[in-house]
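Have a look at the structure below before the remarks.
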Amino acid sequence: PMLTACLKRGLHYLDLTGELSVYENTFNHHALAEAADILVMSGVGFDIVPSDCLGKYVAEQLPDAVQLDVVLDALGGGSGDTTSAGTLKSMVEMLPHSGRVRRGGQLVPYDFGEGAAWFTFPHGKRMTLPITWGDLSTAYRTTGIPNITTYMSMPPSQIQTIKWAAYPLRHLLKNAELRAWVCEQIDRNVQGPSPQHRATARSHVYVRATAADGRTVEAWLETKEGYAFTADAALLSVERVLDGNYSGALTPAAAFGADFVLDIPTTVRHDVLP
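Plus 1176 on top of the position in the sequence shown (first one is 1) and you've got this note's numbering.
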């Protein structure tokens, strides 16, 4: 409804979404946004500014890339709860659906809990699991790379638990009343990250582009805790939009460039040398 209202009134639309279906819906309004001479842009926070900018950065160095791997290591550091109630409720709403990857330019189902892989960050190796992240929609529009997998780092024990529990959970949470009850419990019991955690934790993103002949370009990004990053990135995105001339449905990196993320304080980007 908010997007529809902005289109009718000729007002720019930006949001903080992390849900794949919302990204796809936003891009479906590209022609209408161009006709209204406004920008519609989803994901101007940690979902998906860091990974979108890093994806564009590596893709520009490997124009013939056919595969993009996006890896998030965003939950470490600090103490206590590290995820907000809103994020957890979004996950509950998405769990009844199968996971997704992009293959041959198309979003295809992927069994959540499968495909665990190790990736090396500057602070050590991390075990990761494919997740349904916004880059499956946005990175495709930003880079044109047809095959994309998005991963989240998790402890190996947690990955094993997910692999065991994913199937029954997916079917149980198809019950709307049960989902509503779980979300109610989250609201009652989840406090979200503490001010100390938001101020001190660090997040890392790694992206690798691969060409058909095996050539790769890799880079990683270190930035502030995800919710703290979101506050800065959202405000900076609004400033850029008001100072520029944008229309259509765009990703943050497509609109503002690969270096946009470096304007967020304390963010650093490093190339991975061959």
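Positions of the beta carbon are idealized from the N, C-alpha and C atoms, including for glycine.
Check                                                                                                                                         : Outcome
Which stretch, first to last residue, makes up the alpha helix (DSSP H) that contains H1373?                                                  : P1371 to T1376
Work out the CA separation of K1301 and L1283 for me, nearest whole Å.                                                                        : 28 Å
Since A1362 and L1264 are thought to touch, with beta carbons under 8 Å apart, how far apart are those beta carbons, to the nearest angstrom? : It should be pointed out that residue 1362 corresponds to Ile in this sequence rather than to Ala. So it is a contact: roughly 5 Å between Cβ atoms.
Once the 5 residues before and after G1252 are set aside, which same chain residues still bring their CB inside 6 Å of it?                    : Reliability fails at G1252, whose pLDDT of 46 lies under 50, so the model's placement of it is uncertain and no value is given.
Rounded to a whole number of angstroms, what is the C-alpha to C-alpha distance between P1410 and T1337?                                      : Before going further, note that residue 1410 is Ala rather than Pro in the sequence given. Approximately 34 Å, taken between the alpha carbons.
Does the Cβ-Cβ distance between R1346 and L1271 come in under 8 Å?                                                                            : yes
For a test of the three-state rule: what should DSSP assign to Y1286, helix, strand or coil?                                                  : strand
Which class does V1383 belong to by DSSP, given the choice of helix, strand or coil?                                                          : strand
Can you tell me the Cα-Cα spacing of I1307 and L1244, whole angstroms?                                                                        : 14 Å
Is G1256 helix, strand or coil by DSSP?                                                                                                       : With a pLDDT of 39 at G1256, under the threshold of 50, the modelled position of that residue is not reliable, and the figure given next carries that caveat. Correct three-state label for G1256: coil.
Does DSSP put G1402 in a helix, in a strand, or in coil?                                                                                      : helix
Locate the alpha helix (DSSP H) running through K1301, then write down its first and last residues.                                           : Unbroken run through K1301 is the beta strand (DSSP E), G1300 to P1306; no alpha helix (DSSP H).
Please classify A1431 as buried or exposed, where buried requires at least 16 other C-beta atoms within 10 Å of its C-beta.                   : buried
Going straight from the alpha carbon of I1440 to that of G1275, what length do you get?                                                       : 31 Å
Of the choices A1235, W1309, A1407 and I1324, whose alpha-carbon is the least far from that of G1281?                                         : I1324
What residue range does the alpha helix (DSSP H) around D1435 cover?                                                                          : That residue, D1435, is in no alpha helix (DSSP H); it is neither H nor E in DSSP.
Among residues of its own chain, excluding the 5 on either side of P1322, which ones have a beta-carbon nearer than 6 Å to its beta-carbon?   : G1280 and G1281
Tell me, please, which residues DSSP counts as bridged to N1323.                                                                              : Q1243
My assumption, with CB atoms under 8 Å, is that H1380 sits in contact with D1191. Please give the rounded CB distance.                        : Rounded, the Cβ-Cβ distance is 24 Å, inconsistent with contact.
What residue range does the beta strand (DSSP E) around R1278 cover?                                                                          : G1275 to R1279
Along the chain, where does the alpha helix (DSSP H) that runs through M1178 open and close?                                                  : M1178 to R1185
Kindly indicate the opening and closing residues of the beta strand (DSSP E) around R1445.                                                    : V1444 to V1448
D1191 lies in the beta strand (DSSP E); which residues open and close that run?                                                               : Y1189 to D1191
How is the beta strand (DSSP E) around A1388 delimited, first residue to last?                                                                : No beta strand (DSSP E) holds A1388; DSSP gives it neither H nor E.
For A1395, tell me which candidate among T1443, A1404 and Y1233 has the shortest Cα-Cα distance.                                              : Y1233
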